[in-house]
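A quick write-up on the structure given underneath.
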Amino acid sequence: MRSQGMTGSAVAGQRASSLVPSRPRQHRDRGRSSSTRLAPKAFLGLLKGRKKAESVVDKVSMARPGDELAAQYGDVGSGKPKGRRAGVVLHPTSLPGAHGAGDLGPSAYEFIDWLGDAGMKAWQVLPLVPPERMFWSPYAGQNANSGNVLLISLELLQEDGLLLEDEVPAKVPVKGKVDFASVAESKEPLLSIASKRLVSLDRSSNYIRREFDEFCSLNADWLDSAAVFHCLSNSDDLRGLNWWDWPADLRDRKRSAIQECEARCEEEISEFKALQFLFNRQWMSLRNYANSKGISIIGDMPIYVGGHSADVWANRDLFELSHEGKSMSVSGVPPDAFSKTGQLWGNPLYDWKAMKKDRYRWWVRRLKRAFDLYDETRIDHFRGFAGYWSVDAKEETAMVGKWLAGPGEDLFKALEGSLGSTKIMAEDLGVITPDVVELREAIGAPGMLVLQFGFDGNPRNPHLPHNHYENCFVYPGTHDNDTTNGWYEKIGEEERKFIETYLGYIDRKDMAWTFIKAAMSSVANTAMFTMQDVMSLDNSGRMNLPGTAEGNWSWRMISGFGSKDMTSLALKLRNVAGMYDRT
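In terms of the UniProt record's numbering, the sequence shown opens at residue 1 and continues consecutively.
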């Protein structure tokens, strides 16, 4: 599966079409102009054997020593390297929103404007799925295809007439980290009001209601089961129970039991679907706005899904489950230098043999939904497609397990056959075996490199800039790392000296920008930076500490994008990006 461009279709909504200009088609000269001048890119492509030569270039390629070359020969090397760009990693909840957390409202549009001013071409987000509600991790969602409705903007609901002006609370000053439970408590009653108003609209005279009906029809393959699962999970008698502990007729999705639930919970099911539509509508408007500014949205997809999820409940035959629906084997990674007992994630494992029988239809649907939402998608733990660590569900750590072969290239051939070319980015960090590299290269997906991992003194360390390659993303650090300044404070003096000797320049008071410049200078096509590094934050800005549950995911910006400091940072970022040909 060759990873190229693909954008899925989705309901963008009236707001998107009225506020966002359609993107003009980009025309690029791939041959000779009217003056028979050969485009440098085409000429370079010939020399590398990647394109069929044009007549004037045929003569150049067949030239003997001493022959006169075509006039276009002198243009070689004058073109811009293909695809160099830079971008920022920032989850929407970390935006300086008006109601306790960032959302898809005005501050998100201001951020896109800021990215444009900064010369950035990409915005990378964490998973947008509904997070689990104990620790609020976006990587532990309840449904792989649903959206986090707490990201819905109340201001935009008011613009659409689904909330009244006096129903939208006053803006809350930004004070430190996000309290997700408080945000949910204050926001969910208003979301319920808006969803009920949407459902009550006359579809014959209201375009938003017609868009809602179309959304439900187009997404019925996952939306219907997700809605029923949500209602059952939140019912008084089942709340707090895993689905495999439900009564057998509901656990096993007996048709009569599901029909009874649909009739009894009709209002709740409609509300769930309405909120998913409103999330989708606001997100697509935001994505269209970003695209109109030349900015791509990069999404994030964990390879595994949660056990207590509509995905597993509705597709039991595709997972390694017992007759009762309990996981027989679960996901994780074995012990390594970072963890003596490994990491026991606990997700149910896929039954790849069963998935192969219908040519991975479940994965096709999942990726289609992802490319409805994003321009590009990062797949977390990509190495699991080559080989994955299987742990017996009875184990308490990941120390005891076995490596099993994944579906490999066969899965991606099926995806390409159904979806065409797509843009997938492989999260290939950690212990990577040759088969993982071979798979990534076979499908043409870019990998990841992290500068913080590079300075252990080994000159062959792949994260060192001189070992970088073009088809990859390079980061000073990711959401799983400490901020670069926080990391630098903790490393030893020997590692600090190696960094200084290797880079030849450092600012010990602000290593974040030292590493931003190093990433910008890399041959990697894409350089990405967390907003915390752009803002030169210390450890207090860390988003996640792997291996811990509490206190993660709650970092939030305090300054608005119109502040003097943020305006200055945009100019600084643009200047550095321009210096390294990334604007």
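We treat Cβ as the ideally placed atom computed from N, Cα and C, and that holds for glycine.
Can you tell me which of the three DSSP states Val474 falls into?
To locate residue 474, count along the sequence shown from 1; it is residue 474. Strand.
Which residues DSSP lists as bridging Thr530, in chain order:
Within the sequence shown, the letter at position 530 stands for residue 530. In the DSSP output, where bridge partners are listed per residue, Thr530 has Val89.
I'd like to check one pair, Phe498 with Phe453: are the Cβ atoms closer than 9 Å?
The residue given as residue 453 occupies position 453 in the sequence shown. The residue given as residue 498 occupies position 498 in the sequence shown. For Phe453 and Phe498, no; Cβs fall outside 9 Å.
Would DSSP call Asn347 helix, strand or coil?
As a first step, residue 347 is located in the sequence shown; it is residue number 347 there, counting from the start. Looking at Asn347 - three-state DSSP - the assignment turns out to be strand.
Inter-stretch contact (C-beta, 8 Å, three-pair minimum) for the stretch 287-304 and the stretch 165-175:
No, the stretch 287-304 is not in contact with the stretch 165-175.
Interface flag, Ala108 vs chain B, CB-CB below 9 Å:
The structure shown has no chain B; it contains just one protein chain.
From what residue to what residue does the beta strand (DSSP E) around Lys402 run?
The residue given as residue 402 occupies position 402 in the sequence shown. It spans 402-405 - the beta strand (DSSP E) in which Lys402 sits, taken as one unbroken run.
Is it the case that the stretch 309-321 contacts the stretch 215-235, given that we only count it when at least three CB pairs across the two stretches are under 8 Å?
For the pair of segments examined, the stretch 215-235 was found to touch the stretch 309-321: the number of CB pairs separated by less than 8 Å reaches three.
Could you give the distance in angstroms between the alpha-carbon of Leu404 and the alpha-carbon of Gly547?
Position 404 of the sequence shown, counted from the start, is the residue given in the question as residue 404. Position 547 of the sequence shown, counted from the start, is the residue given in the question as residue 547. Roughly 24 Å between the two C-alpha positions.
Do you know whose CA, among Lys177, Leu163, Gly100, lies nearest Trp553's CA?
If you number the sequence shown from 1, residue 553 lands on position 553. If we check each option's Cα against that of Trp553, Lys177 comes out closest.
Could you tell me which residues DSSP puts in a beta bridge with Ser200?
Walking along the sequence shown from the start, residue 200 turns up at place 200. Answer is none; Ser200 lacks a bridge partner.
One or two residues paired with Phe319 in a DSSP bridge:
Taking the first residue of the sequence shown as 1, we reach residue 319 at position 319. According to DSSP, Phe319 bridges with Tyr350.
Across the stretch 261-276 and the stretch 141-153, are there enough close Cβ pairs to call them in contact, namely three or more that are closer than 8 Å?
yes
Span separating the alpha-carbon of residue 592 from that of Leu163
In this structure the chain extends from 1 to 583, so residue 592 is not present and cannot be described.
Distance check for Pro462 and Ala426, CA to CA, integer angstroms please.
Taking the sequence shown and counting its residues from 1, one reaches residue 426 at position 426. Taking the sequence shown and counting its residues from 1, one reaches residue 462 at position 462. Each residue's Cα considered, the two are about 15 Å apart.
Compute the Euclidean distance between the alpha carbons of Phe385 and Ile379, then round it to the nearest angstrom.
To locate residue 385, count along the sequence shown from 1; it is residue 385. To locate residue 379, count along the sequence shown from 1; it is residue 379. Cα-Cα distance, rounded: 10 Å.
Sheet register partners of Ser327 (DSSP bridge):
Taking the sequence shown and counting its residues from 1, the one referred to as residue 327 is at position 327. Looking at the DSSP assignment, Ser327 forms a beta bridge with Leu321.
Which parts of the stretch 230-295 are runs of the alpha helix (DSSP H), unbroken and 4 residues or longer, counting only runs that do not cross its ends?
248-251, 255-264, 266-292
Which of helix, strand or coil DSSP assigns to Asp358:
Here residue 358 is taken as the residue at index 358 of the sequence shown, counted from 1. Asp358: coil per DSSP, three-state reduction.
Leaving out five residues before and five after Gly387 in sequence, what residues of the same chain have Cβ atoms less than 8 Å from its Cβ?
The residue labelled residue 387 in the question sits at position 387 within the sequence shown. Cβ neighbours of Gly387 beyond the five flanking positions: Trp403, Leu404, Ala405, Gly406, Thr433, Asp435, Val436.
DSSP three-state call for Val20: helix, strand or coil?
Walking along the sequence shown from the start, residue 20 turns up at place 20. The pLDDT assigned to Val20 is 37, lower than 50, so where the model puts this residue is not dependable, and the model offers no usable value.
With a Cβ-Cβ cutoff of 9 Å, do Ile303 and Glu376 count as a contact?
Numbered from its first residue, the sequence shown carries residue 303 at position 303. Numbered from its first residue, the sequence shown carries residue 376 at position 376. In this structure, Glu376 does not lie closer than 9 Å to Ile303 by Cβ.
Assuming Ala524 contacts Leu451 (C-beta within less than 8 Å), just tell me the rounded distance between them.
Numbered from its first residue, the sequence shown carries residue 524 at position 524. Numbered from its first residue, the sequence shown carries residue 451 at position 451. No, Ala524 and Leu451 are not in contact; Cβ-Cβ is about 10 Å, not under 8 Å.
Per DSSP, Pro131 forms a beta bridge with which residues?
Mapped onto the sequence shown, residue 131 falls at position 131. Note: Pro131 sits in a beta bridge opposite Gly141.
Cβ neighbours of Leu151 in the same chain (closer than 6 Å, five flanking residues each side left out)
One-based indexing of the sequence shown puts residue 151 at position 151. Contacts found: Pro92, Asp103, Leu104.
The alpha helix (DSSP H) enclosing Trp487, as first and last residue numbers
Here residue 487 refers to the residue found at position 487 of the sequence shown. From DSSP, the alpha helix (DSSP H) with Trp487 extends over 484-490.
Does the beta-carbon of Thr478 have 16 or more other beta-carbons within 10 angstroms, so that it is buried, or is it exposed?
In the sequence shown, the residue the question calls residue 478 occupies position 478. Here Thr478 is buried, its C-beta having at least 16 other C-beta atoms within 10 Å.
Beta strand (DSSP E) containing Arg556: first to last residue?
Counted from its first residue, the sequence shown places residue 556 at position 556. For Arg556, no beta strand (DSSP E) encloses it, and the DSSP letter there is neither H nor E.
On a CA-only basis, which of Ser418, Gly420, Leu411 is nearest Arg440? Give me that one, please.
Here residue 440 corresponds to residue number 440 of the sequence shown, with the count starting at 1. Nearest option by C-alpha distance: Leu411.
DSSP three-state label for Leu163, please.
Within the sequence shown, the letter at position 163 stands for residue 163. Correct three-state label for Leu163: coil.
Tell me whether the beta-carbon of Asp482 lies closer than 9 Å to the beta-carbon of Lys490.
Numbered from its first residue, the sequence shown carries residue 482 at position 482. Numbered from its first residue, the sequence shown carries residue 490 at position 490. Contact: yes.
Which residues in the same chain have their Cβ closer than 8 Å to the Cβ of Val534, if we skip the five residues on either side of it in sequence?
The residue you call residue 534 lines up with position 534 of the sequence shown. Counting only Cβ-Cβ distances below 8 Å, and skipping sequence neighbours, we find Val88, Ala512, Ile516, Leu569, Leu573.
If distances are taken between C-alpha atoms only, which option among Leu95, Leu126, Ala118 comes closest to Ser107?
As a first step, residue 107 must be located in the sequence shown, where it is residue number 107. It is Leu95 whose Cα lies nearest to the Cα of Ser107.
Buried or exposed, going by whether 16 or more other CB atoms sit within 10 Å of the CB of Ala86?
One-based indexing of the sequence shown puts residue 86 at position 86. Burial call: buried.
Residues in its own chain within less than 6 Å of Met355 by CB, not counting five upstream and five downstream?
Position 355 of the sequence shown, counted from the start, is the residue given in the question as residue 355. Excluding positions up to five away in sequence, the list reads Leu318.
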